[in-house]
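Here's the structure, in structure tokens; my notes come after.
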Amino acid sequence: MKGYIQVLTTVPNADEGAALARSITSQRLAAGVQIVGPIRSLYWWKGSLRDEQEWQLVITTTHTLLAALESHIKANHSYETPEIITTEIIAGSDDYLDWISEETRRIDAS
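If you want it as structure tokens, here you go:
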């Protein structure tokens with residue numbers, strides 16, 4: 000079984016989220032991307048507390064594509080230091096995991 004993962008990143012607006020999600024999927028770096036938002040993010044940046052509206056991308060892919068996905072996010076993201084957090088999918092419905100496998104086979108064959 001492939002190592003299934005979800006990767007999270009946040010972007011400053013819906014348009015950037017849609018553009019990044021579209022480029023990730025069109026480059027076949029993920030089986031799918033969900034855009035969630037707006038969300039409210041409170042975080043420290045360069046010594047000051049920020050309170051911003053953001054959109055979160057939930058990217059479903061396999062571990063074998065992580066390095067390429069991370070490079071793509073960094074190259075196409077407007078943030079100096081984009082959030083890139085990976086969570087292993089340890090279980091899921093057979094149908095959903097089969098879908099990820101099918102799409103990543105297509106990705107690996109590209």
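Take 0 as the starting number for the sequence shown in numbering that gives the first Met the number 0 and just add one per residue.
Virtual Cβ for every residue (Gly too), placed ideally from N, Cα, C.
DSSP three-state assignment for residue i, whether helix, strand or coil
i      : result
Tyr3   : strand
Tyr42  : strand
Leu56  : strand
Thr103 : helix
Identity of the residue in the options nearest residue i by Cα
i     : options                    : result
Val10 : Ala29, Ile34, Ile89        : Ile34
Gln26 : Glu69, Lys45, Leu96, Pro81 : Glu69
Gln5  : Ile38, Glu101, Gly91       : Gly91
Distance between residue j and residue i (C-alpha atoms, nearest Å)
i      : j     : result
Glu51  : Arg39 : 6 Å
Asp97  : His76 : 30 Å
Ser47  : Tyr95 : 41 Å
Ile89  : Ile72 : 24 Å
Glu102 : Ile83 : 22 Å
Gly2   : Ala13 : 29 Å
Ala17  : Glu53 : 13 Å
Thr8   : Thr63 : 18 Å
Ala67  : Gly36 : 25 Å
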